[in-house]
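The opening residue of the sequence shown carries number 56 in our numbering; numbering runs sequentially from there. Think of the CB as a built atom: it goes at the ideal place given N, C-alpha and C, for glycine as much as any other residue.
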Amino acid sequence: MIFDFVDGSAGEEYACRLNIDTIEALRLLPRVMVNVQRRNLETTLFDQSWALPFGIAPMGMCDLTWPGADAMLARAAKQYNIPLVLSTMASSSIETTAERAGEYAWFQLYVGESEETAYELIDRAETVGYTHLVLTVDVPEISVRPREQRDGFQSPLRIGPRQFFDFATHPLWSLQVLQSGIPRLANVNLPGGPEFKRNEARGLVDWDFLDRLRQRWPGQLIVKGVLGCNDAVRIRDAGADAVYVSNHGGRQLDSVPAAIDRLPLIRQAVGAEYPLLFDSGVRCGEGVLKALALGADFVFIGRPFLYAIGAGGYDGLREMIELFKSGISINLAQLGCPDINDLDASYVLNAGVSPGAAR
Ligand SMILES: Cc1cc2nc3c(=O)[nH]c(=O)nc-3n(C[C@H](O)[C@H](O)[C@H](O)COP(=O)(O)O)c2cc1C
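In structure tokens:
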């Protein structure tokens with residue numbers, strides 16, 4: 056059930072496969088006889104230097120994959136100098152994560168049925184020193200994820216006969232979870248605190264809300280879940296500091312285009328200098344390179360980090376980050392591009408031109 060929660064997507068799961076397939080199908084053209092003995096993976100985003108060009112995408116209830124998963128992600132963010140975006144729906148609190156990851160922790164905001172609840176959350180984040188806020192706008196309603204329905208996945212976990220059988224056949228996980236306590240949402244639904252159900256509609260967010268949020272949040276404001284060029288330009292003009300191109304890893308609308316296909320078009324629309332972040336379907340170092348070449352300034356990775364923790368705990372997570380890192384470095388060499396910041400669309404032979412490009 057927990058694997059299905061992480062791995063699953065909306066509808067027929069077409070968009071999730073499309074993300075991965077489209078990135079894989081992109082062909083890179085190497086340049087030869089470039090001295091690539093020294094390679095630079097460091098990049099700058101929001102006037103800050105990052106050791107690697109990727110970070111950890113916001114994911115709710117990570118501790119379901121393995122007890123302490125959030126703590127492992129925070130530890131890795133600090134160890135590798137990469138950003139960790141803490142979800143509103145995380146199993147660790149805003150405050151605890153600030154303690155664990157310090158300046159590497161960013162906060163991701165969902166707005167439920169109450170705007171006040173949203174402000175309470177960002178006030179808490181600001182109080183403990185968060186400087187980056189990621190507003191997710193591609194969940195106006197919770198989507199239908201058939202695997203979750205089939206498994207009877209709910210938050211908090213409901214343990215009926217089907218789930219009991221599932222847990223009984225995964226005794227190591229079950230014993231660990233029993234010992235550590237069943238993970239719960241740590242930022243919302245606390246006694247006396249803001250109410251937010253996982254299946255609560257989140258359709259309140261509109262352009263006026265973005266204006267109010269911009270007035271209220273003094274730090275970097277990033278808008279996540281954007282696929283349209285016109286939307287991206289309007290977000291930029293509303294004063295947000297970055298657009299985060301993403302289709303939520305195919306977990307929302309199954310008929311969306313591959314997020315990577317939208318990237319060069321959105322880059323063209325917002326101009327060369329405006330910060331663009333990207334996720335959805337990146338599974339290896341070459342995927343990171345392709346996204347950077349097509350206009351992303353920074354790439355986020357979701358599911359692979361949870362697969363790694365589920366399979367191997369912190370060692371698994373470290374190994375996964377190392378795989379991405381070495382994949383990036385080795386393939387920069389194959390490409391004849393010694394500096395990650397010099398990647399551009401001229402390295403990609405067949406960047407997709409999807410219909411509706413101008414929108
Ligand atoms: C288990 C899981 C939980 C997620 N929870 C959130 C969330 O709380 N907020 C959010 O903005 N995105 C959430 N996402 C989406 C990710 O931030 C990201 O957009 C997506 O996973 C990227 O695709 P990838 O998994 O193919 O890398 C979640 C994704 C997964 C797999």
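- Closest by C-alpha distance to V281, out of R291, G274 and L245, is R291.
- A Cβ-Cβ separation of about 36 Å leaves P246 out of contact with F101 under the 8 Å criterion.
- At a cut-off of 3 residues, the continuous stretches assigned as beta strand (DSSP E) that sit fully inside the stretch 85-173 are 98-100, 103-105, 109-111, 139-141 and 160-164.
- In the same chain as V343, and ignoring 5 residues on each side of it, the C-beta atoms closer than 7 Å to its own belong to P108, F109, V337, V354, F379 and I383, in chain order.
- At least 8 Å separates the beta-carbon of A293 from that of I277.
- Distance from the C-beta of P113 to the nearest heavy atom of ligand 1 is below 7 Å.
- Judged by their CB atoms, C117 and A145 are nearer to each other than the 8 Å cut-off.
- Taking all protein chains shown into account, F162 has 16 or more neighbouring C-beta atoms within 10 Å of its C-beta and is therefore buried.
- In the three-state reduction of the DSSP assignment, Q275 falls in the strand class.
- Shown here for G340: same chain residues with a beta carbon closer than 8 Å to its own, the five before and five after excluded, namely L378, F379, K380, S381, G382, I383, S384, I385 and N386 in chain order.
- In the same chain as I364, and ignoring 5 residues on each side of it, the C-beta atoms closer than 7 Å to its own belong to T120, W121, A124, M127, G371 and L372, in chain order.
- When secondary structure is reduced to three states using DSSP, I237 falls in the coil class, being assigned neither helix nor strand.
- Spatial neighbours of A173 in its own chain (CB-CB distance under 7 Å, excluding positions within 5 residues in sequence) are listed in chain order as L164 and V166.
- Burial of R358 is indicated by the presence of at least 16 other C-beta atoms within 10 angstroms of its C-beta.
- The Cβ atoms of A106 and N136 lie closer than 8 Å to each other.
- In this structure, the beta-carbon distance from H187 to G274 falls below 8 Å.
- Contiguous beta strand (DSSP E) elements confined to the stretch 284-331 occur at 297-300, taking only those with 3 or more residues.
- Taking 8 Å as the cut-off, the Cβ atoms of V189 and Y299 count as close.
- Of D352, Q204 and L308, the smallest CA-CA separation from L318 is found for D352.
- Under DSSP, the beta-bridge partners assigned to L188 are F162 and L276.
- V183 and P312 have their C-alpha atoms spaced approximately 38 Å apart.
- Residue range G340 to A348 is occupied by the alpha helix (DSSP H) that includes V343.
- In the displayed model, L81 falls within coil according to three-state DSSP, outside both helix and strand.
- Assignment of beta-bridge partners to I356 by DSSP yields I111.
- Under DSSP, V260 shares a beta bridge with no residue.
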